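In the working numbering, the protein residues as written are 15 to 218.
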């Protein structure tokens, strides 16, 4: 019997736990997540495409996993995709899709190893959440964009309920670090009974 991972994926507490967990999950990730109706990648891609002035500009898919998010961005019209992830086995799955210009393994000591302004668009689909990337990641990503750059990310229901993530977002907006272009709550994993909010920020 194939091991089921989704039901315990939201109980992870450290980056090391997350990396090891997704290493084990890599072979069956696509099947399990798809059978639960994973809708957030398409929602994020459609939202970003509504606001991106040039779909040929480079987009970094943070925590790209097996590339399901990259497939959604490609389908939405984005042509220059790079990705990174904690898990080598997840990255191997993403590489096999042939949709990324480059893929990188995240170094936990330096997870944002790219230059400010290297990307016009950054995406974190299902990445910023309890047990995964912390709330401060919202600020870290904006710091890597030049003014006018767009950041699309999602926050699932448990993450919204935790409080610190929405507090960080509120602070970013109050401090005028970014402008809120879009925020809408909707389907995330209907088979798992979970929704998410998709958010687009424009760096000021």
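Glycine residues also receive a C-beta, built at the ideal position from the N, C-alpha and C atoms. Only a predicted model underlies this, so the values are computations on that prediction, with no experimental measurement involved.
Helix, strand or coil at residue 105 according to DSSP, with G and I counted as helix: helix
task: Using alpha carbons as the reference points, say which of 150, 79, 134, 57 lies closest to residue 42.
output: 79
- request: Using three-state DSSP, classify residue 224 as helix, strand or coil.
  value: In the structure displayed, the chain extends from 15 to 218; residue 224 sits before or after that span and is not available.
message: So, with DSSP's three-state summary, where would you put residue 249?
response: Residue 249 is absent from the model: the chain starts at 15 and stops at 218.
- prompt: Under 6 Å from any heavy atom of the ligand SAH, does the C-beta of residue 192 make it?
  reply: The model depicted lacks the ligand SAH and carries no ligand whatsoever.
query: Across which residues does DSSP place residue 140 in a beta bridge pair?
result: Looking at the DSSP assignment, residue 140 forms no beta bridge with any residue, so it has no partner.
message: Quick check on residue 20: does DSSP put it in helix, strand or coil?
response: helix
- prompt: Do residue 187 and residue 135 have their C-beta atoms within less than 7 Å of each other?
  reply: no
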